[in-house]
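Numbering (the working numbering), first residue to last: 205 to 550. Cβ atoms here follow ideal geometry from the backbone N, Cα and C, with glycine treated the same way.
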Amino acid sequence: MIIVMKQVARDEEVLKVEERLTEMGFAPHRIQGTERVVIGAVGAQKIILPTGLEVLPGVEKVVPITAPYKLVSRQAKDTDSIVRVGDVEIGGNEIVFMAGPCAVESEEQLLTIAGMVKASGAQILRGGAFKPRSSPYSFQGLELEGLKMLDLARQETGLKIVTEVLNPQEVELVASYADILQIGARNMQNFALLREAGRSGKPILLKRGLAATFEEWLMAAEYILNENNFQVMLCERGIRTFETSTRNTLDISAIPQAKELSHLPVIVDPCHASGNWRLAAPLSKAAIAAGADGLMIEVHNKPSEALSDGPQSLTPENFDRLIEMVAPIADAVNRTIPQAEIKNSK
Ligand code: PEP
Ligand code: MN
Numbered sequence: 205m206i207i208v209m210k211q212v213a214r215d216e217e218v219l220k221v222e223e224r225l226t227e228m229g230f231a232p233h234r235i236q237g238t239e240r241v242v243i244g245a246v247g248a249q250k251i252i253l254p255t256g257l258e259v260l261p262g263v264e265k266v267v268p269i270t271a272p273y274k275l276v277s278r279q280a281k282d283t284d285s286i287v288r289v290g291d292v293e294i295g296g297n298e299i300v301f302m303a304g305p306c307a308v309e310s311e312e313q314l315l316t317i318a319g320m321v322k323a324s325g326a327q328i329l330r331g332g333a334f335k336p337r338s339s340p341y342s343f344q345g346l347e348l349e350g351l352k353m354l355d356l357a358r359q360e361t362g363l364k365i366v367t368e369v370l371n372p373q374e375v376e377l378v379a380s381y382a383d384i385l386q387i388g389a390r391n392m393q394n395f396a397l398l399r400e401a402g403r404s405g406k407p408i409l410l411k412r413g414l415a416a417t418f419e420e421w422l423m424a425a426e427y428i429l430n431e432n433n434f435q436v437m438l439c440e441r442g443i444r445t446f447e448t449s450t451r452n453t454l455d456i457s458a459i460p461q462a463k464e465l466s467h468l469p470v471i472v473d474p475c476h477a478s479g480n481w482r483l484a485a486p487l488s489k490a491a492i493a494a495g496a497d498g499l500m501i502e503v504h505n506k507p508s509e510a511l512s513d514g515p516q517s518l519t520p521e522n523f524d525r526l527i528e529m530v531a532p533i534a535d536a537v538n539r540t541i542p543q544a545e546i547k548n549s550k
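Below you can see the structure in the form of structure tokens.
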């Protein structure tokens with residue numbers, strides 16, 4: 205349930221309600237809205253109305269949340285959440301670009317790509333140091349060496365870093381290098397990982413599982429928010445369908461639907477969705493038109509030599525073009541693009 209406090213409610217009154225909720229066996233989560241405080245009360249207890257909370261000073265109303273996910277739901281928070289990573293805001297008016305190689309392969313590769321995607325307007329550098337591969341014989345990532353290279357690229361370019369963490373034991377290590385922890389599609393329901401990543405306090409990019417329903421996806425996000433970490437972004441990266449001509453099928457409806465059900469920002473990854481770099485720009489246009497807050501794009505300086513996901517990786521030049529191609533769409537839906545601003549101001 206959520207306890208909606210009056211606009212004029214005082215801090216002591218909010219604290220009293222939180223205390224009472226704890227006594228009743230709920231975990232209270234305070235959500236600061238623009239005008240008032242809302243307290244999300246979650247727990248295994250069955251809610252029997254009236255709860256008695258209605259009469260406490262400062263309480264406006266008590267509303268049961270009907271969705272199985274509570275803290276991620278629009279019912280708990282009706283304004284869009286903004287995830288802040290340093291000076292980068294995700295979920296605001298500006299479309300955010302996360303770009304970089306599928307995997308960190310070498311210092312030279314990473315620094316070359318980082319410099320180029322930064323020049324094109326990307327705010328966040330992606331690159332896996334720990335790679336979830338379908339085959340145990342495929343390149344598994346440079347691990348700690350890869351994290352150090354990401355750190356170097358951040359120092360050289362000022363880009364923020366998003367990188368994947370594969371298991372709970374490595375959360376602390378990866379979190380000490382990353383600005384955003386990525387939880388991959390294959391791990392979307394690794395509940396121990398979700399909890400540990402949530403506890404790290406780092407912003408989390410939660411990819412949708414290969415065959416996950418909205419409810420499963422949002423319940424996975426709920427695990428993170430339940431650790432008091434509200435810095436979560438949902439990432440649609442294509443789902444499994446009967447179609448085999450593309451690697452996956454980009455679910456465009458996921459964007460408005462996730463936004464209707466939840467207040468969290470939505471990022472779209474057209475590269476893993478399609479498996480084909482040529483489809484990345486048209487799918488990016490569709491994603492922005494449908495309301496995406498950002499794009500995650502795989503970029504490689506030599507896609508034909510990439511150790512993973514070469515066919516879906518754009519060259520830096522093609523990435524630059526992609527940003528130019530999506531700019532009019534962003535404009536049409538009243539969103540801004542950093543690159544477009546730089547070019548227009550020239
Ligand atoms: C990735 O972003 O490199 C990745 C492995 O993505 P996904 O989890 O969506 O397959
Ligand atoms: Mn990849």
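Task: Exposure label - Phe446; buried when at least 16 CB within 10 Å - done: Your numbering for residue 446 matches position 242 in the sequence shown. Phe446 should be labelled exposed.
Open item on the list: Can you tell me whether Glu347 is helix, strand or coil according to DSSP?
Closed with: As a first step, residue 347 must be located in the sequence shown, where it is residue number 143. Coil at Glu347, not helix or strand.
Task: Ile206 classed as buried or exposed, judged by whether at least 16 other C-beta atoms fall within 10 angstroms - done: Walking along the sequence shown from the start, residue 206 turns up at place 2. Result: buried.
Open item on the list: Can you determine whether any heavy atom of ligand 1 sits closer than 7 angstroms to the C-beta of Arg444, and answer yes or no?
Closed with: For the purposes of this step, residue 444 is taken as residue 240 along the sequence shown, with counting starting at 1. Arg444 Cβ: outside cutoff for every heavy atom of ligand 1.
Open item on the list: Closer than 8 angstroms is the cut-off here; do at least three beta carbon pairs connect the segment 373–380 with the segment 389–405?
Closed with: yes
Task: Cβ-Cβ distance between Ile251 and Pro268 below 8 angstroms - done: Translated into the one-based positions of the sequence shown, residue 251 becomes position 47. Translated into the one-based positions of the sequence shown, residue 268 becomes position 64. Their beta carbons are under 8 angstroms apart, which means Ile251 touches Pro268 by this criterion.
Open item on the list: When you measure from the CB of Pro336 to every non-hydrogen atom of ligand 1, does any distance come out below 7 angstroms?
Closed with: The residue given as residue 336 occupies position 132 in the sequence shown. Indeed, a heavy atom of ligand 1 lies less than 7 angstroms from the Cβ.
Task: Contacts around Leu487, its chain only, beta-carbon distance under 8 angstroms, and the 5 residues preceding and following it disregarded - done: Start at 1 with the first residue of the sequence shown, and residue 487 comes out as number 283. Leu454, Val472, Pro474, Ala477 and Ser478, listed in sequence order.
Task: Start and end residues, beta strand (DSSP E) containing Gly514 - done: Translated into the one-based positions of the sequence shown, residue 514 becomes position 310. First-last for Gly514: undefined, no H or E at that position.
- [ ] Leaving aside the five residues before and after Met529 along the sequence, list all residues of the same chain whose C-beta is less than 8 angstroms from its C-beta, in chain order.
- [x] Here the question's residue 529 lines up with position 325 in the sequence shown. Result list for Met529: Ala485, Ser488 and Lys489, in chain order.
Open item on the list: Going by the DSSP bridge assignment, what does Leu301 pair with across the sheet?
Closed with: As a first step, residue 301 must be located in the sequence shown, where it is residue number 97. One point to set straight first is that residue 301 is Phe, not Leu, in the sequence displayed. Answer is Leu499, bridged to Phe301.
Open item on the list: Once DSSP output is grouped into helix, strand and coil, what is the label at Ile244?
Closed with: As a position in the sequence shown, residue 244 is number 40, starting the count at 1. The question names Ile, but residue 244 in the sequence shown is Gly. Looking at Gly244 - three-state DSSP - the assignment turns out to be strand.
Open item on the list: Is Cys439 close to ligand 2? I mean its beta-carbon at under 7 angstroms from any heavy atom of the ligand.
Closed with: In the sequence shown, residue 439 corresponds to position 235, counting from 1. False, no ligand heavy atom lies under 7 angstroms from that Cβ.
TODO: Using 10 angstroms around the beta-carbon of Gly498, count the other beta-carbons present and answer buried if the total reaches 16, otherwise exposed.
DONE: Your numbering for residue 498 matches position 294 in the sequence shown. When all chains shown are included, Gly498 counts as buried.
Open item on the list: What does the alpha-carbon distance come out to for the pair Gly296 and Ile286?
Closed with: If you number the sequence shown from 1, residue 296 lands on position 92. If you number the sequence shown from 1, residue 286 lands on position 82. Whole-angstrom Cα-Cα distance: 6 angstroms.
Task: For Ile551, the nearest candidate out of Trp421, Tyr427, Glu426 and Arg482 (CA to CA) - done: In the structure displayed, the chain extends from 205 to 550; residue 551 sits before or after that span and is not available.
Task: Contact test: Arg539 Cβ vs ligand 1 heavy atom, cutoff 7 angstroms - done: As a position in the sequence shown, residue 539 is number 335, starting the count at 1. For ligand 1, not one heavy atom lies less than 7 angstroms from the Cβ of Arg539.
Open item on the list: Quick check: the Cα distance between Glu298 and Leu511, rounded to an integer number of angstroms?
Closed with: For the purposes of this step, residue 298 is identified with residue 94 of the sequence shown, where counting begins at 1. For the purposes of this step, residue 511 is identified with residue 307 of the sequence shown, where counting begins at 1. Answer to the nearest angstrom: the Cα atoms are 32 angstroms apart.
- [ ] Could you please give the first and the last residue of the uninterrupted alpha helix (DSSP H) stretch that includes Glu227?
- [x] Taking the sequence shown and counting its residues from 1, one reaches residue 227 at position 23. Asp215 to Glu227 is the span of the alpha helix (DSSP H), which, as asked, contains Glu227.
TODO: Enumerate in chain order the residues of its own chain whose CB-to-CB distance from Gly319 is below 8 angstroms, with the five nearest sequence positions on each side excluded.
DONE: As a position in the sequence shown, residue 319 is number 115, starting the count at 1. Answer for Gly319: Glu360 and Thr361, listed in chain order.
Task: Three-state secondary structure (DSSP) of Ile181 - done: Residue 181 lies beyond the residue range present for the chain, which begins at 205 and ends at 550; the question has no answer from this structure.
TODO: Flag this pair as touching only if the segment 256–268 and the segment 416–432 have three or more C-beta atom pairs under 8 angstroms; answer yes or no.
DONE: no
Task: Exposed unless 16 or more other CB atoms sit within 10 angstroms - verdict on Arg441 - done: Here residue 441 refers to the residue found at position 237 when the sequence shown is read from its first residue. Result: buried.
- [ ] Express the C-alpha separation of Ala534 and Arg451 in angstroms, rounding to a whole number.
- [x] Within the sequence shown, the letter at position 247 stands for residue 451. Within the sequence shown, the letter at position 330 stands for residue 534. Straight-line Cα distance between these residues: approximately 26 angstroms.
- [ ] For Leu260, I'd like the list of residues in its chain whose CB is within less than 8 angstroms of its CB, leaving aside the five on either flank, ordered along the chain.
- [x] Numbered from its first residue, the sequence shown carries residue 260 at position 56. Around Leu260: Glu217, Lys220, Val221 and Arg224.
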